[in-house]
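Undergrad:
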Amino acid sequence: AGDLFQVDYTFTQSWQEPTRTPDVIDGPTYLTLWNEANRNDGNAERWNLESELAKYENGTKYSLDWYDVYFKTAPMQKHHVNLILSSGPIKSSTSFTYLNQEGMMYGTGFKNFNYRTNISADTKNKIAHLDIHISGYRSETEDNTSVARSVLNKINSAPPYAPFVTQDSDPNDVMTLIRKNTENGTV
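Reading the sequence shown from the start, the letters are residues 996 to 1182 in the working numbering.
1. Which residues does DSSP list as the beta-bridge partners of residue 1081?
2. With DSSP as the reference, label residue 1146 as helix, strand or coil.
3. Relative to the C-alpha of residue 1005, which residue among 1062, 1078, 1052 and 1054 is closest?
4. With 16 as the cutoff for other CB atoms within 10 Å, does residue 1149 come out buried or exposed?
5. Under 8 Å by Cβ, that's how I've got residue 1088 and residue 1075 pegged, so tell me the actual separation to the nearest angstrom.
6. Which residue wins for smallest C-alpha separation from residue 998, given the options 1134, 1080 and 1016?
7. Quick one: grab the DSSP three-state call for residue 1008.
8. Quick check: residue 1035 and residue 1041, are their CB atoms within less than 7 Å of each other?
9. With respect to the alpha helix (DSSP H) encompassing residue 1046, which residues constitute its N-terminal and C-terminal limits?
10. Just how far apart, CA to CA, sit residue 1046 and residue 1031?
11. Around the Cβ of residue 1131, are there at least 16 other Cβ atoms within 10 angstroms (buried) or fewer (exposed)?
12. Confirm, please, whether the CB-CB distance from residue 1012 to residue 1103 is below 7 Å.
13. Identify the continuous alpha helix (DSSP H) that holds residue 1037 and give its terminal residues.
14. Looking at the structure shown, is residue 1120 part of a helix, part of a strand, or coil, going by DSSP?
15. I believe residue 1044 touches residue 1055 by the beta-carbon criterion, under 8 Å. Please report the beta-carbon distance rounded to the nearest angstrom.
16. On the CB-based measure, 16 or more other CB atoms within 10 Å of its CB, does residue 1022 come out buried or exposed?
17. What are the start and end residues of the alpha helix (DSSP H) that includes residue 1063?
18. Using only CA atoms, which one of 1101, 1127 and 1106 lies nearest to residue 1113?
In structure tokens:
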């Protein structure tokens, strides 16, 4: 058997996106239903609909689908290199894999690096055989949900009329945005 040196490289690129997100109502519908619920409970209407709906029509207010704000199509890349060496009684295989997966929700993602090597050797007369296997990995997870106990719950409870970004607000904290941009901080 002759000497062998071989290098294999594989690259994979893919995109991931949420399979489905809930359908949400727009701001004018939300405000209309809120007033209707108040009337049904025997309470005064919360919103002056004529004034509020005019703001949507003239563009000073707009509706947000918070799922569109927080979720995105995210790329994923994987690189894999495999080195094979064979020379006489010594054979080795070493591989490296790197994965970079951006999360579908802003502020999330995963990176991983794997290493593996296998070395095999025989003595000349094959009385002894040696195998060495070494592997390791390093991974890094980016997860904005550790800051906000449940980002999805906040997204679900955010009204479609709350503005998305202000200069002094953290866009990962939906409830701060709501408190800062609604009357008396109540929704």
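Where a beta carbon is used, it is the ideal one built from N, C-alpha and C, also for glycine. Computed from a predicted model, the values in this text were never measured in an experiment.
TA: Reading off the structure:
1. 999 and 1086
2. helix
3. 1078
4. Per the 10 Å Cβ criterion, buried.
5. Between the beta-carbon of residue 1088 and that of residue 1075 there is about 13 Å, and that puts the pair past the 8 Å contact cut.
6. 1080
7. strand
8. no
9. 1044-1053
10. 16 Å
11. exposed
12. no
13. No alpha helix (DSSP H) holds residue 1037; DSSP gives it neither H nor E.
14. Three-state DSSP puts residue 1120 in coil, outside helix and strand.
15. Actually they do not touch by this definition, with Cβ atoms about 15 Å apart.
16. buried
17. 1061-1065
18. 1127
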